[in-house]
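What follows is a short report on a single structure.
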Amino acid sequence: MREFTSRSLYLRIDLLEEARKRNINLSRVVNQLLENYLFGNGNNNVSQDLLKIMELKKEIEEIRRSISKLDEIEAQLNDLMSKLKEKQQIQEAEEDDRLVLLLKEDSILSKLNDFWTFKHETEKTGNTVEGIINTNLQLFATRNNISLKKAQELFFKAFPELEGKIRL
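Take any residue in the sequence shown, note its place counting from 1, add 154, and you have its number in the working numbering.
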């Protein structure tokens, strides 16, 4: 088989660059295409099949690039979501700290710092410590637009020493 070098073969630059990126031997591909087209026993199906194969490979490569882009976008999304979640947790912690401080400063609940005196005075009036605390926590929850359960959790953060002494 005789080799012939042509100086008049022109390829689109974008195709040439893509072939270089993929490390494709252009001479071999062009020779195969021409050989199949010219000497395919008059049957163009071989060249059509080869062209279809190349087209499908190109589509697969485009899909791979899209998937790669999708992975990048998902990573960015996950990063933004984790930053937002972290920011929300910080805001919730700051709000909880503010509410705990309000509980400690409450005119009635602040008397719990001296629990035994508070208990003695409460029982003199015929009430229970738990009843007084629950009533005040219900008012606190209403004023601050939180649930009673959240108010109870914050109460034990404000007065951790009472956690084993009373049940709410």
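Where a beta carbon is used, it is the ideal one built from N, C-alpha and C, also for glycine. Fair warning: this is a prediction, and the values are worked out from it, not measured in the lab.
Check: Shortest alpha-carbon distance to Glu259 belongs to which of Thr276, Leu291, Gln245, Glu284?
Finding: Start at 1 with the first residue of the sequence shown, and residue 259 comes out as number 105. It is Leu291.
Checklist line | the region 239 to 255 touching the region 292 to 311, judged by at least three CB pairs closer than 8 Å | finding: yes
Next item on the list: Give a yes or no on whether the C-beta atoms belonging to Lys319 and Phe269 are separated by under 8 Å.
Entry: Indexing the sequence shown from 1 puts residue 319 at position 165. Indexing the sequence shown from 1 puts residue 269 at position 115. In contact: Lys319 and Phe269 (Cβ atoms closer than 8 Å).
Next item on the list: With a cut-off of 8 Å on the beta carbons, I'd call Ala295 and Leu302 a contact; round off their distance for me.
Entry: What you label residue 295 is simply residue 141 of the sequence shown in a count that begins at 1. What you label residue 302 is simply residue 148 of the sequence shown in a count that begins at 1. That belief holds up - the Cβ atoms of Ala295 and Leu302 are roughly 5 Å apart, short of 8 Å.
Checklist line | Backbone CA spacing between Glu226 and Asn232 [nearest angstrom] | finding: Translated into the one-based positions of the sequence shown, residue 226 becomes position 72. Translated into the one-based positions of the sequence shown, residue 232 becomes position 78. Straight-line Cα distance between these residues: approximately 10 Å.
Item checked: Bounding residues of the alpha helix (DSSP H) (the contiguous stretch that carries Phe313) -> For the purposes of this step, residue 313 is taken as the residue at position 159 of the sequence shown. No alpha helix (DSSP H) contains Phe313, which DSSP labels as neither H nor E.
Checklist line | Alpha-carbon to alpha-carbon, Ser222 and Asn185 | finding: Your numbering for residue 185 matches position 31 in the sequence shown. Your numbering for residue 222 matches position 68 in the sequence shown. If I take the Cα positions, the gap works out to 33 Å.
Next item on the list: Between the Cα of Leu263 and those of Gln202, Glu284, Asn179, spot the shortest distance and give me the residue it belongs to.
Entry: In the sequence shown, residue 263 corresponds to position 109, counting from 1. Of the candidates Gln202, Glu284, Asn179, the one whose C-alpha sits nearest the C-alpha of Leu263 is Glu284.
Check: Which term fits Leu238, buried or exposed, when burial requires 16 or more other beta carbons within 10 angstroms of its beta carbon?
Finding: Walking along the sequence shown from the start, residue 238 turns up at place 84. By the neighbour-count rule (16 or more Cβ atoms within 10 Å), Leu238 is not buried but exposed.
Next item on the list: Give me the Cα-Cα distance between Ser220 and Ile214, rounded to the nearest whole angstrom.
Entry: Numbered from 1 along the sequence shown, position 66 holds the residue referred to as residue 220. Numbered from 1 along the sequence shown, position 60 holds the residue referred to as residue 214. So the alpha carbons of these two residues sit roughly 10 Å apart.
Note to self: Taking the straight line between their C-alpha atoms, what separation do you get for Glu246 and Met235?
What the structure shows: For the purposes of this step, residue 246 is taken as residue 92 along the sequence shown, with counting starting at 1. For the purposes of this step, residue 235 is taken as residue 81 along the sequence shown, with counting starting at 1. Distance between the alpha carbons of Glu246 and Met235 is about 16 Å.
Item checked: Residues near Leu257 by beta carbon distance below 7 Å, same chain, minus five either side -> Indexing the sequence shown from 1 puts residue 257 at position 103. Excluding sequence neighbours, Leu257 sits near Leu263, Phe294, Leu308, Phe309, Ala312.
Notebook entry, point to check: Once you ignore the five residues that flank Thr279 on each side, which residues in its own chain have a CB closer than 6 Å to its CB?
Noted result: Looking up residue 279 in the sequence shown gives position 125. Excluding residues within five positions, none has a Cβ falling inside 6 Å.
Check: At which residues does the alpha helix (DSSP H) containing Asp168 begin and terminate?
Finding: Reading the sequence shown from its first residue, position 14 is the one you call residue 168. Its alpha helix (DSSP H) spans residues 167 to 175.
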